[in-house]
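All remarks here apply to the structure that follows.
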Amino acid sequence: MPATRRNNRADALAKQVAPPAWGPAEIRALADRIRAGADPAPWDLLVVGAGITGAGIARDAAMRGLRVLVVDGRDLAFGTSSRSSRLIHGGVRYLEQGEIGLVYEALRERRRLYKIAGHLVAPVQFLFPAYRGDRLPLWKLRVGLTLYDALSLYRSRGHRTLGPAATRRLEPLLVAEGLRGAVSYEDAVTDDARLTLTTLQSARRHGAEVLTYSPVVALRREGPLHVAELADGARVQARAVFVAAGPWTSEKLLGAAGRQLLSLSRGIHVVLKAADLPLRQPVVVQAAKERRILFVVPWGARTYLGTTDTAYEGDPGASGVTTADADELFRMIGRILPSQGLRHDRIVSAWSGVRPLVRAASAASGDSTVELSRSHRIVETDTGVFALVGGKLTTYRAMAEEAVDKVEAAIGRDLPRCSTHRLPLVPGRPLTTAELGMPHMGELAGRHGPFARELAARIAREPALGERLIADLPYLWAEVDHAIAAEGCVHLEDILRRRLPLALTDGELGIHVARPIAERLVAAWGRPASAVDEEIERYRELMHRETGRSLGRC
Ligand SMILES: Cc1cc2nc3c(=O)[nH]c(=O)nc-3n(C[C@H](O)[C@H](O)[C@H](O)COP(=O)(O)OP(=O)(O)OC[C@H]3O[C@@H](n4cnc5c(N)ncnc54)[C@H](O)[C@@H]3O)c2cc1C
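Structure, rendered in structure tokens:
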């Protein structure tokens, strides 16, 4: 198909509002087709890993007309992409490290995400205070944020410098003693797992297929094609392969090219009730000794704090939050935001993620990971498999564009130019102010964009679906049904941990609603009733590993 016709097709597809169905029937049909080898034509591109990196590559490639399959060993966004600080930011910290190029790119991508994913990437004013004796005094913050504004090409609300009194008027919880003032500047907050899901849904809209819970155990070259072997023995043939396995990218998948490629670093977050740390806006906290900052972010009825940065070895899927981690956060943040709420018995939930950082040439095991660059790298193995490592949630779209340009050269096809910066992830007319004032719409719009209209219409037909799952959290039963029918859920954990962040926001980690949700899921899959208990047990174990908490009965 000529490039312009493919571009027109991409534009037309982007106008269809409802996401293509992605429920048990679709998931089973794809798995059966692949396992039966009933799809003899090779895929143009196989993407290994359905985190934000793989999702971005799949969307870009599918929009350029390639036949794409994404395979993940677990659920989509199971890895780092559901365990970040949830910021879409230029990264003020990287200015101190001289990474001007990275900040420029991240600010450009932030702008593009406002445009293509406006419902998920919301600008917020951050407050960055400076105290007497801080590593970064107020004048340095002012210089840094002036540069930040310039690097954003002055397209965002510029920073403001505030004296101590004005700072405390904005944020009365800040300690007055030693406060020199603050800068207030714009960055954005998102839902990382939902951004990944929505990017994959957009890829599916453009013809990509996504197979979860199917680990790739080996990659081989057979003549002109690559062959991936899945854990159950199924084989997938593709003209090109991109490994986007985040912290799992290793020698096992890439051979020699995967050796010593990454330094892993663990970062944790802790969630409190908003009443225990009632901030009015996100606050940036300076670490006393390292060149590191922490964030305290209001999140509806909750506030979350993060993060740590410690070298990590072992299975990235098994990282969890320890008491010492939470102590470190409480100590560093409590220095300027003292609160009775900074206590272990007040923790609502917590999460732990592993950064896949590009290893420095001189890195030795145990070295600090704080100073390692957050830039990405694309490597190619001697059999022609590509891998993308490092990078940021914020820059995923640009990384994907670069990745698909490599694929174009590798498969020797003339593809249309990248259009991922132009077309929204969720098509449809933006919601009007009047619509946003209608029942449930405001809440749903922040997660589903224009598709909130359909969900609200469904609730109007069946009012019980408009009930909240948990009284003080905004998630609705309609979203559970939608997740099962159209968001690629296989297990209970997919719904409670990544489609709706109950595992991160509810004091009981969603266990009180786990049974009715598992019953809906199991019924939709046509599995035996005994599967309900299996799903609950599986969820219990997973959450125990990540948060260190034992879940109650349900
Ligand atoms: C604590 C922390 C805070 C962060 N905060 C921010 C932030 O605020 N803003 C920002 O921009 N960035 C942030 N980042 C960075 C960002 O989260 C990561 O760069 C990004 O999520 C990495 O995504 P990924 O897709 O490369 O990896 P992942 O999300 O880990 O995805 C890899 C996927 O590959 C799958 N996989 C692994 N092996 C196989 C296999 N053999 N077969 C099939 N599938 C496989 C996994 O199941 C997983 O789903 C943060 C990172 C951390 C850890």
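Numbering (the working numbering), first residue to last: -6 to 547. Here a beta-carbon is modelled for each residue, glycine too, at the ideal position from N, C-alpha and C. Remember, it's a predicted structure, so these values are computed and weren't measured experimentally.
Check your understanding: So W15 and G481 are in contact, right, with Cβ under 8 Å, and what is the actual spacing, rounded?
Key -> 4 Å
Going by beta-carbon coordinates alone, are A194 and P12 separated by less than 8 Å?
The question names Ala, but residue 194 is Gln in the sequence shown. Cβ distance < 8 Å, so Q194 and P12 count as in contact.
Among residues of its own chain, excluding the 5 on either side of V525, which ones have a beta-carbon nearer than 6 Å to its beta-carbon? A511, E512 and V515
- Query: Taking 7 Å as the cut-off, does the CB of H337 come closer than this to any heavy atom belonging to ligand 1?
  - Reply: no
Q. So, L246 versus L350, is the Cβ gap smaller than 8 Å?
A. no
Review point. First and last residue of the beta strand (DSSP E) that includes A115?
Key: A115 to Y124
Using a 10 Å radius around the Cβ and a threshold of 16 neighbouring Cβ atoms, would you call A449 buried or exposed? buried
query = Taking the alpha-carbon positions, what's the S74 to P217 distance?
reply = 33 Å
**Prompt:** What residue from A31, A517, W518 and L485 has the CA that sits closest to L503's CA?
**Reply:** Note that residue 503 corresponds to Gly in the displayed sequence, not to Leu. Of the candidates A31, A517, W518 and L485, the one whose C-alpha sits nearest the C-alpha of G503 is L485.
- Task: Quickly, what does DSSP pair T154 with across the bridge? List them, please.
- Result: V176
Going by the CB atoms, is the gap between Y124 and I329 shorter than 8 Å?
yes
### Task
Give me the Cβ distance between V182 and V290, rounded to the nearest whole Å; I'm assuming they're in contact under 8 Å.
6 Å
Practice prompt. Output the distance between the C-alpha atoms of A221 and E244, rounded to the nearest integer angstrom.
Written response: 15 Å
Between the alpha carbons of S523 and G459, how many angstroms are there, rounded? 28 Å
Give the straight-line distance between the Cα atoms of L88 and E179, rounded to the nearest whole angstrom.
15 Å
Is any non-hydrogen atom of ligand 1 found closer than 7 Å to the C-beta of L228, if you look at the structure I gave you? According to the sequence shown, residue 228 is Arg rather than Leu. It does not: the Cβ of R228 is nowhere closer than 7 Å to a heavy atom of ligand 1.
**Prompt:** In its own chain, which residues sit with a C-beta less than 6 Å from the C-beta of E428, not counting the 5 before and 5 after it?
**Reply:** M434
Same chain, Cβ closer than 8 Å to E98, five either side skipped, listed in chain order
T388 and A391
Note to self: Ignoring anything shorter than 4 residues, give me the alpha helix (DSSP H) runs that lie fully in the segment 475 to 516, in order along the chain.
What the structure shows: 495 to 498
- prompt: Using DSSP with H/G/I as helix, E/B as strand and the rest coil, what is P217?
  reply: coil
Helix, strand or coil at F323 according to DSSP, with G and I counted as helix: helix
(Q) Check for me: the beta strand (DSSP E) holding G346 runs from which residue to which? (A) I340 to V351
| Under a CB-based cut-off of 8 Å, is S523 close to chain C? | No chain C is part of this structure, which consists of one protein chain only.
**OP:** Check H199 in the structure and name its three-state DSSP category.
**Re:** coil
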